[in-house]
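Chemist: Throughout, this note's numbering is defined as the position within the first sequence, counted from one, plus 1356.
Glycine included, C-beta positions come from ideal geometry on N, C-alpha and C.
Have a look at this one.
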Amino acid sequence: MQRDGIYADNFTYPFLLKACTGLKMVEMLHSQIEKNGFFSDIFVPNALIDSYSKFGGLGVKAALKLFVVMEDRDVVSWNSMISGLLKVGELGQARKLFDEMPERDMVSWNTILDGYVKAGEMEEAFDLFQKMPERNVVSWSTMLSGYCKAGDMDMARVFFDKMPAKTLVPWTIIISGYAEKGIVKEAIRLYDRMERYGLELDDAAVISILSACAESGLLALGVKVHSSIERLRFRCSVLVCNALVDMYAKCGSLDKAWSVFNRMEKRDLVSWNAMLHGFAMHGYGREALQIFSRMKKEGFQPDGVTFVGVLCACTHSGFIDEGVEFFYAMEKDYGIVPRIEHYGCMIDLLGRGGRLEEAFRLVHTMPFEPNEIIWGTLLAACRLHNAVELAEKVLDHLLELVPSDPGNYSMLANIFAAAGDWNNVASVRRRMKSIGVKKLSGASSIEIDDEVHEFTVFDKSHPKYDTIYQMIDRLRHDLKQVLHLKDTVIPVEVGEVVI
DNA sequence: TTAGGGTTAG
1357 MQRDGIYADN
1367 FTYPFLLKAC
1377 TGLKMVEMLH
1387 SQIEKNGFFS
1397 DIFVPNALID
1407 SYSKFGGLGV
1417 KAALKLFVVM
1427 EDRDVVSWNS
1437 MISGLLKVGE
1447 LGQARKLFDE
1457 MPERDMVSWN
1467 TILDGYVKAG
1477 EMEEAFDLFQ
1487 KMPERNVVSW
1497 STMLSGYCKA
1507 GDMDMARVFF
1517 DKMPAKTLVP
1527 WTIIISGYAE
1537 KGIVKEAIRL
1547 YDRMERYGLE
1557 LDDAAVISIL
1567 SACAESGLLA
1577 LGVKVHSSIE
1587 RLRFRCSVLV
1597 CNALVDMYAK
1607 CGSLDKAWSV
1617 FNRMEKRDLV
1627 SWNAMLHGFA
1637 MHGYGREALQ
1647 IFSRMKKEGF
1657 QPDGVTFVGV
1667 LCACTHSGFI
1677 DEGVEFFYAM
1687 EKDYGIVPRI
1697 EHYGCMIDLL
1707 GRGGRLEEAF
1717 RLVHTMPFEP
1727 NEIIWGTLLA
1737 ACRLHNAVEL
1747 AEKVLDHLLE
1757 LVPSDPGNYS
1767 MLANIFAAAG
1777 DWNNVASVRR
1787 RMKSIGVKKL
1797 SGASSIEIDD
1807 EVHEFTVFDK
1817 SHPKYDTIYQ
1827 MIDRLRHDLK
1837 QVLHLKDTVI
1847 PVEVGEVVI
């Protein structure tokens, strides 16, 4: 049948609906369907609910409107509607529908279970899990993923070990979980076990594990995944390559990131952004800006993420004026309205560049309510330049937003300490004590030969601490020479702690 | 119709 240039029937509508890329398209098909009287088949309205639900609150509203007037509903209609509500965070309403269902299948249970898991309500999820009449690998994986996200790797492991049949998905979840937490040995051990198990990797598994490695700087596992990809002649999609570039860049292997990037047959905006950020983060400002011009030459339109990278590159390489110029060019030449992240970059740029007053002004004049990241950035800049008075003002704002963050107090104490104002250092400490804020000492870790070495302030627990501190002294000495400084205290960072 | 999926300031 042909109407308005569209050929479709009961069988093809679900496919067409699946391919919709916007709410308007779904609406158009919906009115076609109603006009053509193709509503008798349950697959069509079910597909409509599903497609509507892909497009946010408005879509879910439209789906609900349809769901309510449907004469026949099968379990899939209910499941789709519940899943749609969960996508927009309507857990309460989803639960109500779930309770009203005339019959439930495994998917219904798994869907509502995932709703609680995604909301971080693991106790309720556990309760549901126990009440389920039967469970499959999806139910187990849903719980597993919840515990991993909550950082409870002990419970995650219990569920992983106990689950009856493990597909690639639970393996991916637990390995990514360990990797994200920086539990290297277990992550690697399980990765090896998974490979021996003979499971075939797919895009999602590779991307998920690589991004977990990127997050915690876990190069060793990232390299393993990369060599599996090459050994298996895995079809390296743009997404997988992007994940590799990002992982290498975040783990500090810029040369590897660069070589993957260069060998990519096809690149998208994310590939360019990932490479640009890689250079920017590691202080290769010129290289980052070269990437920026090259991507434009090759026809890629920069987006907001690109400009975060560009501004970050300018900050970390000391290109203050250039950074300011890029910031104004964003909107004027590229039509990208700066978001709060961009203002954050600017405050960092100006602040680190010593233009603290300007940074402070920008915080007050920007069209966003400053958040704790903004104030935190400014506080760090005050610390860098020993701007005691400004730091106190900034801290007041910061404490309004996050009253009990120990890091902020420590930062202020450090600023007073650097200025030799020991009375105020003591007063900050007293203030922390009086409201019960405890300073957590920051720990940093590096990974050598699959072994993670962790450091805290004045840490002497490492077997080679002697050599380590000798090296720090040498670095401090060399830096002074290079920078032609005499009496300045050069902060040499060991982990997050300035010695 | 249900579990894992890329880039974003400090």
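Here's a check: name, in chain order, each residue in its chain whose Cβ is nearer than 6 angstroms to the Cβ of V1382, leaving out the five neighbours to either side.
Modeler: Numbered from its first residue, the first sequence carries residue 1382 at position 26. Correct list, in chain order: C1376, S1407, Y1408.
Chemist: At the level of alpha carbons, what is the spacing between N1466 and L1422?
Modeler: Here residue 1466 is taken as the residue at index 110 of the first sequence, counted from 1. Here residue 1422 is taken as the residue at index 66 of the first sequence, counted from 1. Each residue's alpha carbon lies about 23 angstroms from the other.
Chemist: Would you call K1487 buried or exposed, if buried means 16 or more other Cβ atoms sit within 10 Å of its Cβ?
Modeler: The residue labelled residue 1487 in the question sits at position 131 within the first sequence. Exposed is the call here.
Chemist: Output the distance between the C-alpha atoms of G1440 and E1586, rounded to the nearest integer angstrom.
Modeler: The residue labelled residue 1440 in the question sits at position 84 within the first sequence. The residue labelled residue 1586 in the question sits at position 230 within the first sequence. If you take the alpha carbons of G1440 and E1586, they lie about 39 angstroms apart.
Chemist: Need the endpoints of the alpha helix (DSSP H) that K1410 sits in, please.
Modeler: Looking up residue 1410 in the first sequence gives position 54. Careful: K1410 lies outside any alpha helix (DSSP H) and carries neither H nor E.
Chemist: Of all the alpha helix (DSSP H) runs that stay within the bounds of the segment 1658 to 1721, which reach a length of 4 or more residues?
Modeler: The qualifying runs are 1660 to 1673, 1676 to 1690, 1696 to 1708, 1712 to 1721.
Chemist: Pull up the distance between the alpha-carbon of G1763 and that of P1401, whole angstroms please.
Modeler: In the first sequence, residue 1763 corresponds to position 407, counting from 1. In the first sequence, residue 1401 corresponds to position 45, counting from 1. Cα to Cα, the separation comes out at about 53 angstroms.
Chemist: When you compare the CB positions of G1674 and A1644, do they come within less than 8 angstroms of one another, or not?
Modeler: Along the first sequence, one-based indexing puts residue 1674 at 318. Along the first sequence, one-based indexing puts residue 1644 at 288. Not a contact, by the Cβ cut-off of 8 angstroms.
Chemist: Quick one: which unbroken alpha helix (DSSP H) runs of 4-plus residues sit fully inside the segment 1722 to 1793? Chain order, please.
Modeler: For the segment 1722 to 1793, whole alpha helix (DSSP H) runs of length 4 or above, ordered along the chain, are 1728 to 1740, 1744 to 1757, 1762 to 1774, 1778 to 1790.
Chemist: Is it right to say E1536 is buried, meaning 16 or more other beta carbons lie within 10 angstroms of its own, or is it exposed?
Modeler: Numbered from its first residue, the first sequence carries residue 1536 at position 180. Answer is buried; the Cβ neighbour count reaches 16.
Chemist: Nearest-angstrom Cα distance between D1843 and L1831?
Modeler: On the first sequence, position 487 is the one that residue 1843 refers to. On the first sequence, position 475 is the one that residue 1831 refers to. Low confidence applies to D1843: its pLDDT is 44, below 50, so where it sits in the model is not reliable, and the reading given next is rough at best. Taking the straight line from one Cα to the other gives about 16 angstroms.
Chemist: With a Cβ-Cβ cutoff of 8 angstroms, do R1491 and I1468 count as a contact?
Modeler: Position 135 of the first sequence, counting from 1, holds the residue named residue 1491. Position 112 of the first sequence, counting from 1, holds the residue named residue 1468. Contact: no.
Chemist: Determine whether the beta carbon atoms of L1453 and G1471 lie at a separation below 8 angstroms.
Modeler: Taking the first sequence and counting its residues from 1, one reaches residue 1453 at position 97. Taking the first sequence and counting its residues from 1, one reaches residue 1471 at position 115. No; because the gap between Cβ atoms is not below 8 angstroms, this pair is not in contact.
Chemist: Can V1473 and G1445 be called in contact, C-beta distance under 8 angstroms?
Modeler: As a working note, residue 1473 is residue 117 in the first sequence. As a working note, residue 1445 is residue 89 in the first sequence. No. Outside cutoff.
Chemist: Can you look up G1533 in the DSSP assignment and give me helix, strand or coil?
Modeler: Translated into positions along the first sequence, residue 1533 becomes position 177. Three-state result, G1533: helix.
Chemist: Do M1702 and L1667 count as a contact pair if the criterion is CB distance below 8 angstroms?
Modeler: Taking the first sequence and counting its residues from 1, the one referred to as residue 1667 is at position 311. Taking the first sequence and counting its residues from 1, the one referred to as residue 1702 is at position 346. For L1667 and M1702, yes; Cβs fall inside 8 angstroms.
Chemist: In three-state DSSP terms, what is H1582?
Modeler: Numbered from 1 along the first sequence, position 226 holds the residue referred to as residue 1582. Residue state, collapsed to three classes: helix.
Chemist: Report yes if the C-beta distance between L1379 and Y1369 is below 8 angstroms; otherwise report no.
Modeler: Here the question's residue 1379 lines up with position 23 in the first sequence. Here the question's residue 1369 lines up with position 13 in the first sequence. Their beta carbons are not under 8 angstroms apart, which means L1379 does not touch Y1369 by this criterion.
Chemist: With a CB to CB cut of under 6 angstroms and the five nearest residues on each side skipped, what residues in its chain are close to L1575?
Modeler: Looking up residue 1575 in the first sequence gives position 219. For L1575, where only same-chain residues beyond five positions count, the Cβ hits under 6 angstroms are C1607.
Chemist: Note down the Cα distance separating G1538 from D1548, rounded to an integer number of angstroms.
Modeler: Translated into positions along the first sequence, residue 1538 becomes position 182. Translated into positions along the first sequence, residue 1548 becomes position 192. Approximately 17 angstroms, taken between the alpha carbons.
Chemist: Going by C-alpha distance, which of E1459, M1426, A1475, E1427 is nearest G1448?
Modeler: Sequence index remark: in the first sequence, residue 1448 carries index 92 (1-based). Of the listed residues, the one whose Cα sits closest to G1448 is A1475.
Chemist: Quick one: grab the DSSP three-state call for H1833.
Modeler: In the first sequence, the residue the question calls residue 1833 occupies position 477. If DSSP states are grouped into helix, strand and coil, H1833 belongs with the helices.
Chemist: Can you find the residues in the same chain that come closer than 8 angstroms, C-beta to C-beta, to G1710, ignoring five residues on each side of it along the sequence?
Modeler: In the first sequence, residue 1710 corresponds to position 354, counting from 1. Excluding residues within five positions, the ones whose Cβ falls inside 8 angstroms are H1741.
Chemist: I need the DSSP call for M1620, collapsed to helix, strand or coil.
Modeler: Your numbering for residue 1620 matches position 264 in the first sequence. Of the three classes helix, strand and coil, the one that applies to M1620 here is coil, per DSSP.
Chemist: Leaving aside the five residues before and after M1457 along the sequence, list all residues of the same chain whose C-beta is less than 7 angstroms from its C-beta, in chain order.
Modeler: Residue 1457 sits at position 101 when you count from the first residue of the first sequence. Contacts found: W1434, S1464.
Chemist: Using the beta-carbon count (16 or more within 10 Å), is I1791 buried or exposed?
Modeler: The count along the first sequence starts at 1 and reaches residue 1791 at position 435. I1791 comes out exposed.
Chemist: Candidates L1751, A1599, H1633: which alpha carbon is nearest M1620's?
Modeler: In the first sequence, the residue the question calls residue 1620 occupies position 264. Checking every option, the nearest Cα to that of M1620 belongs to A1599.
Chemist: Leaving aside the five residues before and after G1533 along the sequence, list all residues of the same chain whose C-beta is less than 7 angstroms from its C-beta, in chain order.
Modeler: Residue 1533 sits at position 177 when you count from the first residue of the first sequence. Here the set comprises C1504, M1509, A1512.
Chemist: I'd like to know whether the C-beta atoms of M1499 and W1527 end up nearer to each other than 8 angstroms.
Modeler: Against the first sequence, residue 1499 aligns to sequence position 143. Against the first sequence, residue 1527 aligns to sequence position 171. Going by C-beta atoms, M1499 is not nearer than 8 angstroms to W1527.
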